[in-house]
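Data first, discussion second: the structure below is written as structure tokens.
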Ligand SMILES: Cc1ncc(COP(=O)(O)O)c(C=O)c1O
């Protein structure tokens with residue numbers, strides 16, 4: 020067998036995409052003009068496919084913090100925190116996160132992906148059990164696989180199914196860890212956290228919530244779904260990322276669980292990789308301050324999310340169930356998703372194509388996400404482009420004559 | 039020859055494939071049945087429910103044929 024033979028069918032599918040005018044999995048922007056605009060092959064494009072929920076990538080205080088930290092501490096740390104030492108900024112950011120969440124402990128990782136690897140592989144030992152929501156992100160699956168605990172799944176967002184599975188594990192020794200997300204990244208739906216917490220209590224399990232897409236998006240202070248659902252004290256570990264609402268890169272976990280700090284010398288994805296560079300740490304800390312000081316960003320984001328969801332539903336698209344900043348249109352096939360995506364890009368709108376295995380239930384999705392930095396006009400323009408392109412490629416029915424503008 | 043585990047596995051597979059493919063112990067689950075990796079995981083949920091057991095993912099990760107799967111699930115059922 021030749022090297023990479025195991026990927027032949029994957030490579031073939033990818034080659035098919037490369038013959039198209041644009042490949043959704045291989046786009047390179049020439050310039051990013053703002054959180055919502057980019058230049059692509061000489062054209063200006065409206066961005067509706069980032070995770071830049073609060074638009075903080077271009078915030079002047081964030082950029083200034085990054086520049087100053089680079090001048091003061093250099094471009095990189097050149098090593099891991101355990102082997103080569105933390106910088107003051109790493110500790111300060113951990114204190115800021117702990118303060119924001121009202122928790123005793125906070126640990127920063129180099130990516131959100133690694134935060135899940137580092138936490139899930141370390142909290143559950145070989146006699147414990149990890150029970151994952153079936154639609155969990157790849158980093159949750161990979162983190163679970165990196166550890167020694169047996170891993171089982173429960174049906175997506177189904178608290179009764181979770182209870183059934185915990186009952187099956189009840190006679191086995193060891194701790195049980197339930198892992199769910201705040202907002203699911205593919206369809207934008209939220210976990211039924213109150214019901215899950217009931218089950219968690221009943222079976223005396225631990226609960227891990229990955230707030231990757233809900234930090235800065237949900238909750239009165241922007242702490243995420245656990246805050247919005249009023250169950251923060253029942254969530255034992257909150258995991259999150261700096262790469263979305265905070266506009267940087269990196270991941271974290273906060274917790275009140277006794278003994279948490281030992282993970283710094285036990286969690287391999289924390290120990291054996293270089294720590295975040297000073298610029299990223301300082302920018303993230305500045306972005307977190309903006310997130311806390313400017314709730315209006317979150318309110319505008321929510322407004323845009325509702326507007327886009329309603330607008331696309333009115334245009335006749337089949338969507339994910341909740342009006343969150345991720346708005347996914349369910350496509351009849353991958354080909355339809357590529358066709359719509361290409362047509363939108365030609366019209367000047369960038370969105371995402373999501374396909375299995377990243378998506379649940381074999382769905383092909385045309386995925387959008389809104390930002391607080393969008394204007395209302397931009398959202399309306401995006402809806403109009405969707406309606407035109409959707410009709411042109413035949414994924415929605417032709418316009419209904421007199422209903423335009425009559426939506427409630 | 040009435041093996042409830044074999045029956046549960048075959049029934050779940052028939053449901054997952056729409057009953058359109060002939061199944062035998064030698065059938066390769068991913069290749070011949072055209073199930074994706076996610077579909078296989080969902081199909082494990084189905085077997086867990088039919089047999090009221092927990093099947094850890096690492097235990098079935100190396101399984102290739104239906105026969106392998108029946109053997110692996112039988113082993114887990116005996117332990118539990
Ligand atoms: C739920 C979830 N967890 C973790 C991650 C990983 O975060 P990062 O891309 O910052 O590594 C992502 C997104 O990529 C995600 O959607």
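Chains as they are written, first to last, in the working numbering: chain Z, 20 to 427; chain W, 39 to 118. Just so you know, even glycine gets a beta-carbon here, dropped at the ideal spot from N, CA and C. Just so it is clear, the structure is predicted and the values come from calculations on it, not from any experiment.
Return no unless some Cβ of chain W is closer than 9 Å to the Cβ of residue 55 of chain Z. no
Got a sec: is the Cβ-Cβ distance from residue 219 of chain Z to anything in chain W below 9 Å? no
For residue 229 of chain Z, list the residues DSSP reports as bridge partners. Z:200 and Z:258
Of all the CB atoms in chain Z, is at least one closer than 9 Å to the CB of residue 53 of chain W? no
DSSP three-state call for residue 86 of chain W: helix, strand or coil? helix
With 16 other Cβ atoms within 10 Å as the buried cut-off, status of residue 228 of chain Z: buried
Quick one: does the C-beta of residue 135 of chain Z sit closer than 8 Å to a heavy atom of ligand 1? yes
Neighbouring residues, chain W, relative to residue 417 of chain Z (Cβ below 7 Å): Residues of chain W passing the Cβ test: none, with the nearest at roughly 33 Å.
Is the stretch 387 to 406 of chain Z touching the stretch 329 to 341 of chain Z, taking contact as three or more C-beta pairs under 8 Å? yes
Where does residue 318 of chain Z sit, in a helix, a strand or coil, going by DSSP? helix
On the premise that residue 74 of chain Z lies in contact with residue 54 of chain Z, defined as a C-beta separation below 8 Å, what is that separation, rounded to the nearest angstrom? 4 Å
DSSP three-state assignment for residue 216 of chain Z, whether helix, strand or coil: When DSSP states are grouped into helix, strand and coil, residue 216 of chain Z belongs to the helix group.
If we cut at 9 Å on Cβ distances, does residue 42 of chain W have a partner in chain Z? no
Give me, in chain order, the residues of the same chain whose beta-carbon lies closer than 6 Å to that of residue 237 of chain Z; leave out the 5 immediate sequence neighbours on both sides. Excluding sequence positions up to five before and after residue 237 of chain Z, its CB lies within less than 6 Å of the CB of 243, 244 and 247, all in the same chain and listed in chain order.
Contacting residues, own chain, Cβ-Cβ under 6 Å from residue 58 of chain W (five flanking each side not counted): none
List the residues of chain Z that residue 77 of chain W touches, going by C-beta distances under 8 Å, in chain order. 381
Expected contact under 8 Å - CB spacing of residue 172 of chain Z and residue 71 of chain W to nearest Å: Not quite, the Cβ-Cβ distance comes to about 20 Å (not below 8 Å), so this is no contact.
Contiguous alpha helix (DSSP H) assignments of at least 4 residues, all confined to the stretch 388 to 413 of chain Z: 395 to 411
Excluding the 5 residues preceding and the 5 following residue 283 of chain Z in the sequence, name in chain order all residues of the same chain whose CB lies nearer than 8 Å to its CB. 100, 101, 126, 289 and 290
Quick one: is the Cβ of residue 197 of chain Z within less than 8 Å of any heavy atom of ligand 1? no
Nearest by alpha-carbon distance to residue 295 of chain Z: which of Z:226, Z:262, Z:316 and Z:198 is it? Z:262
Please list, in chain order, all residues with a C-beta atom less than 6 Å from at least one heavy atom of ligand 1. The answer, residue by residue, is Z:130, Z:131, Z:132, Z:135, Z:156, Z:158, Z:200, Z:204, Z:229, Z:231, Z:232, Z:260, Z:262 and Z:270.
According to the Cβ coordinates, are residue 82 of chain Z and residue 207 of chain Z closer than 9 Å? no
Please compile the residues from chain W whose C-beta is within a distance smaller than 9 Å of the C-beta of residue 510 of chain Z. Given that chain Z is displayed from residue 20 to residue 427, the structure contains no residue 510 of chain Z and the question cannot be resolved.
Going by C-alpha distance, which of Z:59, Z:38 and Z:369 is nearest residue 48 of chain Z? Z:59
For residue 275 of chain Z, which option in Z:209, Z:292, Z:226 and Z:239 has the closest C-alpha, if you only look at C-alpha atoms? Minimum Cα distance to residue 275 of chain Z is reached at Z:226.
Within chain W, partners of residue 188 of chain Z - CB distance below 7 Å: 92
Measuring CB to CB, does residue 234 of chain Z end up less than 9 Å from residue 201 of chain Z? With contacts defined as CB atoms closer than 9 Å, residue 234 of chain Z and residue 201 of chain Z qualify as a contacting pair.
If you measure beta-carbon to beta-carbon, which residues of the stretch 80 to 91 of chain W are closer than 9 Å to chain Z? 80, 82, 83, 86, 87, 90 and 91
Could you tell me which chain Z residues have their CB closer than 9 Å to the CB of residue 103 of chain W, listed as they occur along the chain? Those within 9 Å of residue 103 of chain W in chain Z number zero; the least Cβ separation is about 18 Å.
Among the residues of its own chain, which have a CB less than 8 Å from the CB of residue 204 of chain Z, if the five just before and after it don't count? 156, 231, 232 and 345
Relative to the C-alpha of residue 77 of chain W, which candidate in Z:352, Z:377 and Z:398 has its C-alpha closest? Here the closest residue by C-alpha is Z:377.
Whole-angstrom distance between residue 224 of chain Z and residue 217 of chain Z, CA atom to CA atom: 10 Å
Since residue 106 of chain Z contacts residue 92 of chain Z with CB under 8 Å, what's their CB separation in whole angstroms? So it is a contact: roughly 6 Å between Cβ atoms.
Starting from the C-beta of residue 80 of chain Z, find all residues in its chain whose C-beta is less than 7 Å away, skip the five residues before and the five after it, and write them out in chain order. The residues are 305 and 309.
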